Amino acid sequence: MALKRGMLIVFEGNDRVGKSTQAKKLVEWFKTNGKLAQFVQFPDRSTPIGSLINQYLKGEQKMHDNSIHLLFTANRWEKFDEMNAALRSGQMVIVDRYSYSGVAYTVSKGIADYEWCRGPEKGLLKPDCVIFLSSDIKMLQNRGDFGKEVYETSEFQSSVRDVYMKLMEPNWNVIDANRNIEEIHQDIVKVVEDKLPNLQQEILKLW
């Protein structure tokens, strides 16, 4: 039986590493090749919950670290039905940041363990493919706007990267992001082309 569902592809990595750029390029690549595809970004700052997260990230609103973790998770749950329906209708869903970011950033603060961080994420859609953009932290510091949000310090980003390394699963693909945009994109396309034919019909859940 021909596969009818879409593929859930998640981009992860440190701040300013180029996730949004590459995710959007992949959406356009799918469309150019006759596939329906949509871009989803977390946090989704357009929702009421996302608005609170935005205020926190910009340093305009202080929150308890556990509270902001749960808000990030709730923001992902807000999109669950929409993403699930899109996948089942055959659309490719390309996501900029997902549950792995939630765990990596909260664990890096040292206020909660992996199990606590994963708990609220259980049951969310499991990605079919995770693209991890890897870059030297010093290079990220030189990119535009680095430092404008609360998590953007070299020390914290180094800690986040260390946690990402521990979260890696078989469906993760590490891409060297210390190159030009087109070279990175071509490597991502190769990964996707390799995985797409082996996509299983069942949509799995996280953790």
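Mapping of the sequence shown onto this note's numbering: position 177 corresponds to residue 158, and the numbering continues sequentially without gaps. Where a beta carbon is used, it is the ideal one built from N, C-alpha and C, also for glycine. As the structure is a prediction and not an experimental result, all values here were calculated from the model.
Asp62: not part of any beta strand (DSSP E); member of the alpha helix (DSSP H) spanning 61 to 69, first to last residue. By the Cβ test, the segment 70 to 84 is in contact with the segment 2 to 22, since at least three Cβ pairs between them sit closer than 8 Å.
Around the CB of Val(-2), 16 or more other CB atoms lie within 10 Å, so the residue is classed as buried. DSSP assignment within the segment 83 to 138 yields the following whole beta strand (DSSP E) runs of 3 residues or more, N-terminal first: 110 to 115. With distances taken between CA atoms, His50 lies nearest to Ile34 out of Leu114, Ile34, Met64, Gln42. For Met73, the three-state secondary structure derived from DSSP is strand. Assignment of Asn154 by DSSP, reduced to helix, strand and coil, places it in the strand class.
A distance below 8 Å between beta-carbons, with the five flanking residues on each side excluded, links Asn65 to the following residues of its chain, in chain order: Leu106, Ile184.
The Cβ-Cβ distance between Leu38 and Gly(-13) does not fall below 8 Å. Glu41 carries a coil assignment under DSSP once its states are collapsed to helix, strand and coil.
The closest CA to that of Asn(-5), considering only Ser135, Glu41, Lys147, is found on Ser135.
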